[in-house]
């Protein structure tokens, strides 16, 4: 991207790639991409991945992502915990 277009990728560009991979259901690739990004993924990137886990029913990855979110932003752990519980409820097929 830098050589061809003269544009240095920023966090928002990496976030878009994670979003596209996640929306297409390629959560393993999205997770791998996040973990190999040359810039540290911020809370927004991890939340994109967590939302995709909920949509696609991937509880195992949701646990990993939740741990990262709590590590990055412990003050929002309540919201993250709630999201994790709702993900598990949806995966189990129960409705609140």
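In my numbering, the protein residues as written are 6 to 101.
Even glycine gets a Cβ: it sits at the ideal position worked out from N, Cα and C.
About 6 Å separates the CB atoms of residue 20 and residue 53; that is less than 8 Å, so the two are in contact. 8 Å or more divides the Cβ of residue 44 from the Cβ of residue 23. Take residue 73, set aside five residues on each side of it, and the residues of its chain with a beta-carbon closer than 6 Å to its own are 51, in chain order. For residue 34, the CB contacts under 6 Å within the same chain, skipping 5 residues up- and downstream, are 26 in chain order.
Shown here for residue 7: same chain residues with a beta carbon closer than 6 Å to its own, the five before and five after excluded, namely 13 in chain order. For residue 60, there are no CB contacts under 6 Å within the same chain when 5 residues up- and downstream are skipped. Here residue 63 is not near residue 16, since their CB atoms are 8 Å or more apart.
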